[in-house]
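Below: the structure, in structure tokens.
Protein chains: 2
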Amino acid sequence: MLNVIQADSNDVPAADRGLAYGDGLFETIRMRGRQAVLRSLHLDRMVADAGRLAIPVHRDQLDAEVERAGIIHGDAYGASDWVLKLILTRGSGGRGYRLPEKNCRPNLIVSVSAMPPFPDSRGVVADFSQFPLTVNPQLAGIKTLNRLEQVMASRDFTGREFELIMRDASGNLVEGTRTNLFVRHGNVWTTPPVSSLAVAGVMRKYVIDCLRETGSEVREEAVPPSVVSRSGFRGLYLVNSVVGIVCVRRLAGVELPVDGGLETICDPLKTLE
Amino acid sequence: MLNVIQADSNDVPAADRGLAYGDGLFETIRMRGRQAVLRSLHLDRMVADAGRLAIPVHRDQLDAEVERAGIIHGDAYGASDWVLKLILTRGSGGRGYRLPEKNCRPNLIVSVSAMPPFPDSRGVVADFSQFPLTVNPQLAGIKTLNRLEQVMASRDFTGREFELIMRDASGNLVEGTRTNLFVRHGNVWTTPPVSSLAVAGVMRKYVIDCLRETGSEVREEAVPPSVVSRSGFRGLYLVNSVVGIVCVRRLAGVELPVDGGLETICDPLKTLE
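Chains as they are written, first to last, in our numbering: chain E, 1 to 273; chain Z, 1001 to 1273.
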């Protein structure tokens, strides 16, 4: 059983392992009224990745809490979308890093917030973060609570950029602080493979599926910095499940072609009933 | 100013960035009565590493809280040592990963526990963790709240090992889940450099300083797995500030020489007044 904590009126036990060690994971979900956008992708991911961390949770418990949050908060936002955040931690227990013999009771911390401002649909400014990204192969892609690299990278924001792109030790473009990336050459799309990612976003999966369904080729491959000057380059895109898809019009001071249309092909609002 | 939270009677705000992102760091301090063992090394490290994370804290605030904890809890443990844990988080605030424009008020979460059992002074059993260790060069050595790798590595404990040693992508021995390591060849001691470490323990620093003061040579170099079969190998040691120093008598099923004496040279209790 989960211990559900509504963050607007309750605190979290000081012994929670999410606080002590980042021993947990989270989802940030765009809500429209009472409905969750990309609901299945979010909750499927949370269940699958909790399994990788050996945190026991059932999909129907998460479904019930999303539905409950929609009922409690959805009407108050009127016509405005809003954001639901679910933090799932292993709970309290164990000796130091070691897990207890029997499973702890996980905590699910539920919080809500207003939507962030939408990015300029004509394209955004991005730069490179100087903070390197390292990914443990066993934790690749999991949206764990170990996010200090993204916090530290975010210190490089000057106020002019929509996003900062993080690179690995080889200089490859991996992901933004809060977005995944796609590049387009002709009709071929490339995005870094899950094994290289800190966070494999649900919007990334949705975009890959949409592109493949519409007959486009999507390659999951490393993205070296030379990619934007390669022949046939048509656009660099940043995606996440809250703000959707945005094209980068300037990267580290270099103007890039702005190629629209992806946001129409892959509109996650289509998934709402 | 810090917001001090006594964990035995208080919860933590659900919006704390330590919970959300592991945006903070911690110290685990052995206490004897009202006194903190290796107090200066612990608090110097916390202030220095908080500075690397841009979390504002003053040394005198930490000193005051350690002293207060000693007064509140020290007498109750009688002749038994005990453990004081300090978690320092950035506090609540900011938008997503981004820090707020003005500093948040950091939270200092103070908790106490009994000492863990001391390891067998005749030597302990260790094995290798199959969970790889990755270290961001910008965060190397900082005892941050991003400790999911150590949690996952600890799942490999079978109950027979005192410690599991984690290796980097090249197979070098880096550190235990909760200890740093030293190897001895003749009178030369080797320990992995801080730049390669997830956690640069205060006991590691204390041991290096003690050895150098007594005329021994200490090299901060990578430790390949072949080190235990190299000519002149005299011992493998695990150290942390709570349990002290222990020699490994069996590593991954291989018997090792047990060479005592380091714990006498480097007894941190000598630092108590």
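Beta carbons are placed, not taken as given, at the ideal position from N, Cα and C, and that holds for glycine.
Fair warning: this is a prediction, and the values are worked out from it, not measured in the lab.
So, is the C-beta of residue i closer than 8 Å to a C-beta in chain Z?
i      : result
T214/E : no
P137/E : yes
S154/E : yes
Y237/E : no
T191/E : no
Q35/E  : no
G176/E : no
A54/E  : yes
C244/E : Contrary to the premise, residue 244/E reads as Gly rather than Cys in this sequence. Answer no: the Cβ-Cβ gap between G244/E and chain Z never drops below 8 Å.
G18/E  : yes
I87/E  : yes
F157/E : yes
Grouping DSSP H, G and I as helix and E and B as strand, with all else coil, what is residue i?
i       : result
R212/E  : helix
D49/E   : helix
T278/E  : No answer is possible for residue 278/E: it lies beyond the span of chain E, which begins at 1 and ends at 273.
K143/E  : coil
V112/E  : strand
I72/E   : helix
E1220/Z : strand
M31/E   : strand
R1167/Z : strand
H1011/Z : Note that residue 1011/Z is Asp in the sequence shown here, rather than His. In this structure, D1011/Z counts as coil in the three-state DSSP scheme.
A252/E  : coil
G1176/Z : strand
I245/E  : strand
E1158/Z : Correcting the residue identity first, residue 1158/Z is Thr in this sequence and not Glu. T1158/Z: coil per DSSP, three-state reduction.
H1042/Z : helix
R105/E  : coil
T1264/Z : helix
D127/E  : strand
L1197/Z : coil
Please name the residue in the options whose C-alpha comes closest to that of residue i.
i       : options                            : result
D1267/Z : V1248/Z, P1193/Z, E1255/Z, N1240/Z : N1240/Z
D1016/Z : R1068/Z, G1094/Z, V1258/Z          : G1094/Z
T1190/Z : S1170/Z, F1233/Z, A1054/Z          : F1233/Z
R1242/Z : Y1077/Z, L1272/Z, I1029/Z, S1009/Z : Arg is not the amino acid found at residue 1242/Z; the sequence shown has Val there. Measuring from the Cα of V1242/Z, the nearest candidate turns out to be I1029/Z.
V1174/Z : F1118/Z, G1141/Z, G1159/Z          : G1141/Z
P1137/Z : G1123/Z, V1194/Z, A1020/Z, V1227/Z : V1194/Z
A1126/Z : R1098/Z, T1271/Z, D1156/Z, R1105/Z : D1156/Z
V4/E    : I109/E, P117/E, G123/E, R249/E     : I109/E
R1032/Z : C1210/Z, V1227/Z, G1159/Z, H1073/Z : H1073/Z
G1235/Z : L1251/Z, D1259/Z, R1250/Z, V1254/Z : D1259/Z
L1139/Z : A1198/Z, P1119/Z, M1046/Z          : A1198/Z
So that I know if they touch, is there some Cβ in chain E lying closer than 8 Å to that of residue i?
i       : result
Y1077/Z : no
S1134/Z : A small correction: the amino acid at residue 1134/Z is Thr; Ser does not occupy that position in the sequence shown. Chain E, which has a Cβ nearer than 8 Å to the Cβ of T1134/Z, makes this yes.
D1049/Z : no
N1146/Z : yes
F1128/Z : no
F1182/Z : no
If I measure Cβ to Cβ from residue i and keep anything under 8 Å in the same chain, skipping five residues before and after, which residues do I get?
i       : result
S80/E   : A114, M115
R1212/Z : V1218
N187/E  : S216, E217
L171/E  : The question names Leu, but residue 171/E is Gly in the sequence shown. Result list for G171/E: P224, P225, in chain order.
T134/E  : E149, D168, A169
P257/E  : F233, R234, G235
Which residues in the same chain as residue i place their Cβ atom closer than 6 Å to its Cβ, once the five residues preceding and following it in sequence are excluded?
i       : result
G1018/Z : G1024, T1089, L1145
N1180/Z : G1201, R1204, V1239
S1111/Z : A1007, K1085
L1100/Z : Here residue 1100/Z is Pro; the residue named in the question, Leu, does not match the sequence. Excluding positions up to five away in sequence, the list reads G1093, G1094.
E221/E  : T190
Below 8 Å on C-beta distance, what does residue i contact in chain Z?
i     : result
R95/E : P1116
Could you list which residues in chain E have their beta carbon closer than 9 Å to that of residue i, in chain order?
i       : result
P1013/Z : A7, D11, V12
Could you work out which residues of chain E lie near residue i, taking near to mean beta carbons separated by less than 7 Å?
i       : result
V1151/Z : Y21, D23, Y97
F1131/Z : Q138
So which residues on chain E does residue i lean against when the C-beta distance must stay under 8 Å?
i       : result
S1111/Z : A14, A15
Between residue i and the rest of its own chain, which residues show a CB-CB distance below 7 Å, the 5 nearest in sequence each way excluded?
i       : result
R1230/Z : H1185
E1263/Z : G1244, I1245
N103/E  : P56
A1153/Z : S1129, F1131, L1164, M1166, T1177
G22/E   : T144, L145, N146
D1075/Z : none
R1052/Z : I1142
L1041/Z : V1202, K1205, Y1206
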